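What follows is a single structure, written as structure tokens, with notes after it.
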Amino acid sequence: VTQCNAHFEHCSNGLYLYFVDVRKRSSTRFRLLVRYSTICRIILRKTSPTSTIVYLQLLHPPLLYKVCTGNSATSQCNREGDYLPQFDLSDTTPWDRAVEFGEGPFKCGADVLGRSRMMRLTLSGPRHWAPLCNLILRTRKNAQVFYAPVRELQARELKAVARPSVQDFGVVYALLSVWSESFQVTDELAMDAQSCRETLLELSARAEECPRALEEALFEIYFSLSQGKVIKPPLSSGLKIGGRRFMFLGCSTSQLRSHGLWFYAHDNQGRTAEQIRDGIGDLSTIVSVPKFMARLGQVRGQSRSC
Numbered sequence: 001v002t003q004c005n006a007h008f009e010h011c012s013n014g015l016y017l018y019f020v021d022v023r024k025r026s027s028t029r030f031r032l033l034v035r036y037s038t039i040c041r042i043i044l045r046k047t048s049p050t051s052t053i054v055y056l057q058l059l060h061p062p063l064l065y066k067v068c069t070g071n072s073a074t075s076q077c078n079r080e081g082d083y084l085p086q087f088d089l090s091d092t093t094p095w096d097r098a099v100e101f102g103e104g105p106f107k108c109g110a111d112v113l114g115r116s117r118m119m120r121l122t123l124s125g126p127r128h129w130a131p132l133c134n135l136i137l138r139t140r141k142n143a144q145v146f147y148a149p150v151r152e153l154q155a156r157e158l159k160a161v162a163r164p165s166v167q168d169f170g171v172v173y174a175l176l177s178v179w180s181e182s183f184q185v186t187d188e189l190a191m192d193a194q195s196c197r198e199t200l201l202e203l204s205a206r207a208e209e210c211p212r213a214l215e216e217a218l219f220e221i222y223f224s225l226s227q228g229k230v231i232k233p234p235l236s237s238g239l240k241i242g243g244r245r246f247m248f249l250g251c252s253t254s255q256l257r258s259h260g261l262w263f264y265a266h267d268n269q270g271r272t273a274e275q276i277r278d279g280i281g282d283l284s285t286i287v288s289v290p291k292f293m294a295r296l297g298q299v300r301g302q303s304r305s306c
């Protein structure tokens, strides 16, 4: 990777990172897009009066694009893009979504990119503080800012974390949800071998003791790790499609695996989403949100008609 450039587009609330993958035969130019709204934490590490290392913790992985073939907006993006110098980029440059870059041992595939929630930037120069301050000001509502010394470890120095041998499907599914959300859990376990062993033994013991309770606990961890991944206005006011308003009915990661989230509109029999939930029974005593959603999902299970 070479020719790295960072552009802070404050007007559109986006950070664009451009680079060239020289390991591709066509030296394809890529760009990463980080929306300011996905930044939940900013860690600053001052290395010199004119240089700062910035760690951006993201709620979602950045979006990867590559330059399409040719230089017109009508070009077909059906093969690797030709090399395009940075100064030739414009608003009409066609881009195509990509999920990987690099080749061989240096390949960054969809599995790695999709689980990456931390971005490291090195800003240098006498005026490097200005764009950084603007970034902090524009993310101050949803991002925390810290000054801290950071210890960095190369990935090759970390040993792979073994997963506990559990037979219960629900526990396995919940555990994989936590494991695959990002590298945060596996990295923290890999950095402390003793804590890793204790955690794996505890998970195995709890799975034998009460798998249902462990499943619910793991999903609560999953939801806490993926905080902010809800669309608040549609959940409260519904979605309007074709003149009909669809209100939130229920969701359950553990039960509605093939559906995820259900909305329901006023039907011909006069039923609404609220009336359907009332027909389930009194769930007001359940204070845990994941447990409440799981109960809603258990009523419908995997059925497609309710």
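Using full-length UniProt numbering, you'd call the opening residue of the sequence shown number 1 and step up by one each time.
Cβ coordinates follow ideal geometry from the N, Cα and C atoms, glycine included.
Keep in mind the model is a prediction, meaning the values are calculated, not measured.
Classification of Pro62 by the beta-carbon crowding that lies within 10 angstroms, buried from 16 upward: buried
Val67 - containing alpha helix (DSSP H), residue span: From DSSP, Val67 is part of no alpha helix (DSSP H) but of the beta strand (DSSP E) over 63-67.
Cβ-based burial, Ile42 [other Cβ within 10 Å; buried from 16]: buried
Backbone CA spacing between Gln154 and Ala193 [nearest angstrom]: Taking the straight line joining both Cα atoms gives about 16 Å.
CB-CB length for Leu44 against Phe183, believed under 8 Å: No, Leu44 and Phe183 are not in contact; Cβ-Cβ is about 21 Å, not under 8 Å.
Segment limits, beta strand (DSSP E) that includes Thr285: No beta strand (DSSP E) contains Thr285, which DSSP labels as neither H nor E.
Supposed close pair Ala50, Pro149 - CB separation, criterion 8 Å: Rather than Ala, the amino acid found at residue 50 in this sequence is Thr. Rounded, the Cβ-Cβ distance is 19 Å, inconsistent with contact.
Residue of Met293, Asp21, Val172 minimising C-alpha distance to Gly104: Asp21
The segment 160-172 contacting the segment 211-221, beta-carbon criterion three pairs below 8 Å: yes
Separation of Lys46 from Ala265, as counted between CA atoms: Roughly 54 Å separates the two Cα atoms.
Range of the contiguous alpha helix (DSSP H) that encloses Leu200: 193-209
Among Thr38, Leu64, Cys68, nearest to Leu56 - alpha-carbon criterion: Thr38
Environment of Thr122 [buried if 16+ CB atoms lie within 10 Å]: exposed
DSSP bridge partner residues for Gly250 (one or two, in chain order): Trp262
DSSP-derived helix/strand/coil call for Pro270: For the sequence presented, residue 270 should be read as Gly rather than Pro. Note: Gly270 maps to coil in three-state DSSP.
Cβ distance (whole Å) where Arg120 is taken to contact His10 below 8 Å: That belief does not hold up - the Cβ atoms of Arg120 and His10 are roughly 21 Å apart, past 8 Å.
Short Cβ contact (8 Å threshold) for Arg31 with Tyr65: yes
In DSSP terms, what Val145 is bridged to: Ile42
6 Å Cβ shell around Asn13 - same chain, five flanking residues per side excluded: Exclusion of the five residues before and after Asn13 leaves Tyr36 as the residues of its chain whose Cβ lies within less than 6 Å of its Cβ.
Own chain, CB closer than 6 Å to Tyr18, minus 5 neighbours either side, in chain order: Asn5, Arg31
Local conformation of Leu32 per DSSP, three classes: strand
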